[in-house]
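Quick notes on the structure that follows.
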Amino acid sequence: MLVVLGLVAVLIYLVITLKYIVIPFLIAILIGALLVPVVGFLVRIKWPRWLAVTVVLIGFFAVVSGLVVVVVGQVRSGLPALQTQSATAYENLREFLRSSPLQLSDQDLDGYLTEIFDVIQRDSQALVSGILSVGSTAGHVLTGALLSLFATIFVLVDGKGIWAWTVRLFPRKARNAVDGAGVAGWLTLTTFVKVQIFVAAVDAIGIGVGAWILGLFYGGFPLVIPIAVAVFLGSFIPVVGALVTGALAVFIALVFLGPLPAVIMLGIVLLVQQLEGHILQPLVMGTAVKVHPLAVVFAVAAGSFVAGIPGALFAVPLVAVVNVMTKYIASGDWRLNGRPTITDVLGNGK
């Protein structure tokens, strides 16, 4: 047990140290889990593999680029109004605090703001160093994007060859167990990605349509599409992702429409979360992940503590895959004859 825990600690240390390499690789694995079945389907209907990979990649990046263009356009058109409404809402809040039982004067409010600015000034060195590191961070992001792109291409083109080489690194007696565990883990990962996309789409449509319907009664709800896209992306972090991004819809409703619409929007977000938590997660996600909801919550918390947003994103699929692979090895099913290999799975796209 001590040896295993020591190896796990070393592995976590290496992941944190090499995060700019590990994160692009994990992103490529997730994208590959989504696209490999599509490539396999095209290959089965007699498409050349190079053509199938090219078409699938172009289609994937076309969809992603289209979403980015739509969101950027919507935000650019709605940002001036959001700034104006935010300033108006701030003034209304000051007026409310002055007339509320708290009886806060302008001097009190200005004093609180001064204290906040003093805190920022005391941490100015950290802020300045963070600003100076923007260029380095941008370089890391660009490098990571290129690494993810190349890794995704190789996973789609020769995923089975890469895995076969990995299996050969293990002792001969352990290769059947490793190969079979890889089959189980890969199938779990592909199922998780497809189901998570479905759950994220339900969250995005539910909150986006709810905001749009709410806007019909209050003269329009701005930035509906960016909100829906943010919810869709945030939902890939189970349990908390959609709730945090849904808070954006509540904030915009408060700024543009007022307190009552904000409360209604909060109710819509919570309703969608209840639908996900009590119907989609147990019935749909439970069959894919096969991890207890409590373990999911702690996995997300631990992942975010160790590696921030990327850690929260990869925590649940990592736990699900490790859980399935461990169960497979412990069950001894790898000793049976006629089991599929990972090369079969990646080769025919199942």
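Residue numbers 1 to 350, in my numbering, belong to the letters of the sequence shown in order.
Where a beta carbon is used, it is the ideal one built from N, C-alpha and C, also for glycine.
With the rule of 3 Cβ pairs closer than 8 Å, the segment 165-179 does not count as touching the segment 199-206. Residue 242 is not a Cβ neighbour of residue 265, given a cutoff of 7 Å. In its chain, beyond the 5 residues on either side, 35, 38, 39, 42 and 156 have a beta carbon closer than 8 Å to the beta carbon of residue 56. Cβ contact annotation for residue 181 (same chain, cutoff 6 Å, sequence separation greater than five): 325, 328 and 329, in chain order. Residue 140 and residue 149 have their alpha carbons spaced roughly 14 Å apart. Here residue 299 is not near residue 272, since their CB atoms are 7 Å or more apart. Note that the C-beta distance between residue 189 and residue 321 is below 7 Å. Taking 7 Å as the cut-off, the Cβ atoms of residue 144 and residue 24 count as close. Note on geometry: alpha-carbon atoms of residue 252 and residue 32 lie some 36 Å from one another.
Straight through space, the alpha carbons of residue 146 and residue 95 are spaced by roughly 51 Å. In the DSSP assignment, residue 20 falls within the unbroken alpha helix (DSSP H) covering 19-44.
Between residue 207 and residue 246, the CB-CB gap stays under 7 Å.
The C-alpha of residue 29 lies about 15 Å from the C-alpha of residue 236. Here residue 235 carries a coil assignment [DSSP, helix/strand/coil]. Here residue 185 is buried. Its C-beta has 16 or more other C-beta atoms within 10 Å. Ranked by how close their Cα comes to the Cα of residue 217, the residues 69, 60, 261 and 110 have 261 in first place. Sequence-distant partners of residue 303 (beyond 5 residues in either direction) whose C-beta falls short of 7 Å from its own C-beta, in its chain, are 311, 312, 314 and 315. With fewer than 16 other CB atoms across the displayed protein chains lying within 10 angstroms of its CB, residue 88 is exposed. One alpha carbon belongs to residue 73, the other to residue 79, and they sit about 10 Å apart.
Around the Cβ of residue 3, a 10 Å sphere holds fewer than 16 other Cβ atoms; the residue is exposed.
The C-beta distance from residue 177 to residue 50 rounds to 33 Å, too long to meet the 8 Å contact threshold.
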